[in-house]
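Q:
In structure tokens, the structure reads:
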């Protein structure tokens with residue numbers, strides 16, 4: 001175990017603390033999206049049967065694919081970076097009419113005197129990129145975050161990797177993430193120390209103590225946000241690439257095993273075919289000696305053939321009739337149940353009206369709606385727009401019988 005493994009174990013323990021996890025996900029937004037997706041899918045599973053068609057489950061399924069923009073994890077980092085851009089632009093663009101205000105005089109004091117405009121310009125570019133990444137780079141569609149699945153690979157969900165490959169991938173992933181955290185933490189620690197030394201050296205508090213504190217907080221958080229955006233995404237890209245490489249190797253090994261199996265089966269098949277040819281040759285010789293067909297055999301074979309043909313036709317006919325009858329019966333049953341439900345609903349409406357529970361307006365509205373639904377009951381519909389009812393069976397078979405009666409002369 002090296003220092004990166006030790007840092008990973010320590011980080012995993014800290015992530016169990018809800019306060020540290022909230023702050024960590026505030027800096028590293030991809031971990032926030034991963035936790036959000038896991039929580040959302042666990043909540044959907046807890047709703048019960050996913051195949052239900054009730055309104056609650058349907059609404060849950062429709063909303064599960066959308067990730068709202070969190071104020072704490074998305075909007076606030078974007079606003080802080082935009083605030084830094086606003087404070088640095090007058091100095092970068094040399095807007096002298098704004099540089100006279102104290103609000104814009106403090107931030108340049110945090111930068112060394114040898115090249116402050118270059119440093120601030122670079123920070124403005126980074127902050128602008130981070131702002132657009134928060135509001136345009138992070139999608140609200142869950143399907144765009146499928147690559148986060150690499151964070152959740154375990155023994156139960158191995159992602160198609162073997163045990164040794166899964167261990168190798170988890171070790172690589174944890175060490176690379178640990179290296180990224182150490183790099184970000186180092187920069188975020190050295191940066192504020194440099195900023196503090198510049199504040200003391202340039203006496204920035206003489207301009208305004210409150211503005212110095214305000215811009216120090218903004219600058220400090222911008223360092224975290226910029227480092228996270230700069231190093232987090234490349235780290236995840238490398239992790240996903242490594243996962244795909246392992247997956248490709250695993251698939252390639254399976255293909256090699258399948259190829260060997262195919263070659264073995266082909267060799268076995270050739271041996272079987274050779275045996276078949278030898279057996280066929282022996283049977284032909286035996287048939288030439290023993291088999292002598294007679295007229296009686298031909299008659300029996302022709303009788304069996306005709307009888308088999310009629311049996312097959314009868315089976316097909318019975319199967320089609322039975323399947324069609326079951327379909328029509330079930331469809332008509334649904335229409336009948338809908339009609340019975342509407343009649344029961346109509347009786348309940350009249351009963352409530354007799355008991356003076358419903359107002360006249362509510363009674364007429366519900367009664368009219370029920371009558372309209374009774375006139376056009378919902379159910380399975382044919383291509384011609386007719387609802388399948390119990391009378392459909394008689395109508396359909398009458399039409400089929402008429403059709404075959406009309407074409408019977410042509411068939412004969």
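Residue numbers (full-length UniProt numbering): 1 to 412.
A virtual CB, placed ideally from N, CA and C, is assigned to each residue, including glycine.
From a predicted model like this one, the values you see are computed outputs, not experimental measurements.
1. What whole-angstrom Cβ distance do residue 246 and residue 193 have, given they're in contact under 8 Å?
2. Can you look up residue 67 in the DSSP assignment and give me helix, strand or coil?
3. On the premise that residue 370 lies in contact with residue 345, defined as a C-beta separation below 8 Å, what is that separation, rounded to the nearest angstrom?
4. Ordered along the chain, which non-local residues of its own chain (more than five positions away) have a Cβ less than 7 Å from that of residue 106?
5. Under 6 Å Cβ to Cβ from residue 133, same chain only, skipping five residues before and after it: list those, please.
6. CA-CA distance, residue 28 and residue 231?
7. When burial is assigned at 16 or more other CB atoms within 10 Å of the CB, is residue 186 buried or exposed?
8. Keeping to the same chain, check which residues put their C-beta closer than 8 Å to that of residue 350; ignore five residues upstream and five downstream.
9. Is residue 387 helix, strand or coil by DSSP?
10. With a 10 Å radius around its C-beta and 16 neighbouring C-beta atoms as the bar for buried, classify residue 361 as buried or exposed.
11. Are there 16 or more other CB atoms within 10 angstroms of the CB of residue 243, so buried, or fewer, so exposed?
12. Who are the near neighbours of residue 126 in its chain, counting only those whose CB is closer than 6 Å to its CB and skipping five residues on each side?
13. Counting Cβ pairs, one atom from each stretch, are 3 or more of them under 8 Å apart for the stretch 174-184 and the stretch 265-274?
14. Would you report the Cα separation of residue 81 and residue 249, rounded to the nearest angstrom?
15. Exposed or buried, residue 9, counting other C-beta atoms within 10 Å across all chains shown (16 or more means buried)?
16. Look at residue 35 and residue 174 and say whether their C-beta atoms are less than 9 Å apart.
17. Are the CB atoms of residue 151 and residue 158 nearer to each other than 9 Å?
18. Strictly under 9 Å for the Cβ-Cβ distance: is residue 375 near chain C by that measure?
19. For residue 374, which residues from the same chain have a beta carbon less than 8 Å from its beta carbon, with the 5 sequence-adjacent residues on both sides left out?
20. Would you call the stretch 75-94 and the stretch 114-121 in contact, with 3 or more CB pairs under 8 Å?
21. Which of helix, strand or coil does DSSP assign to residue 141?
22. Please report how far the alpha carbon of residue 386 lies from the alpha carbon of residue 76, in whole angstroms.
23. Whose CA, out of 335, 189, 325, lies closest to the CA of residue 221?
24. For residue 139, count neighbouring C-beta atoms within 10 Å of its own C-beta (all shown protein chains included) and say buried if the count is 16 or more, exposed if not.
25. Cα-Cα, which of 365, 352, 335, 358 is closest to residue 376?
26. Using the Cα positions of residue 263 and residue 252, report the straight-line distance between them to the nearest angstrom.
A: The short version:
1. With a Cβ gap of about 40 Å, residue 246 and residue 193 do not count as contacting.
2. Three-state DSSP puts residue 67 in coil, outside helix and strand.
3. Between residue 345 and residue 370 the beta-carbon gap is near 6 Å, inside 8 Å, which marks them as a contact.
4. By the criterion of a C-beta distance shorter than 7 Å, residue 106 is surrounded in its chain by 204, 207, 208, 211, 212, 215, once the five residues flanking it on both sides are discounted.
5. Around residue 133: 229.
6. Taking the straight line joining both Cα atoms gives about 10 Å.
7. The residue in question, residue 186, is exposed, as its Cβ has fewer than 16 Cβ neighbours within 10 Å.
8. Taking residue 350 as the centre and dropping the five residues before and after it, the same chain places the C-beta of 367 closer than 8 Å to its C-beta, in chain order.
9. Under the three-state reduction of DSSP output, residue 387 falls in the strand class.
10. The residue is exposed, with fewer than 16 neighbouring Cβ atoms inside 10 Å.
11. That one is buried.
12. Leaving aside the five residues that flank residue 126 on each side, the residues in its chain whose CB is nearer than 6 Å to its CB run, in chain order, 226.
13. With the cut-off at 8 Å, the stretch 174-184 and the stretch 265-274 do not touch.
14. A straight-line Cα-Cα distance of about 42 Å links residue 81 and residue 249.
15. When all chains shown are included, residue 9 counts as exposed.
16. In this structure, residue 35 sits away from residue 174, with a CB-CB distance that is not shorter than 9 Å.
17. No; because the gap between Cβ atoms is not below 9 Å, this pair is not in contact.
18. Of the protein chains in the structure, only one exists, and it is not chain C.
19. Shown here for residue 374: same chain residues with a beta carbon closer than 8 Å to its own, the five before and five after excluded, namely 339, 342, 343, 346 in chain order.
20. Touching, per the Cβ criterion.
21. DSSP places residue 141 in strand when its eight states are reduced to three.
22. Residue 76 has its alpha-carbon roughly 57 Å from the corresponding atom of residue 386.
23. Nearest in C-alpha terms to residue 221, of all of 335, 189, 325, is 189.
24. Counting the other Cβ atoms within 10 Å of the Cβ of residue 139 gives fewer than 16, which makes it exposed.
25. Ranking 365, 352, 335, 358 by Cα distance to residue 376 puts 335 first.
26. Those two C-alpha atoms are separated by around 16 Å.
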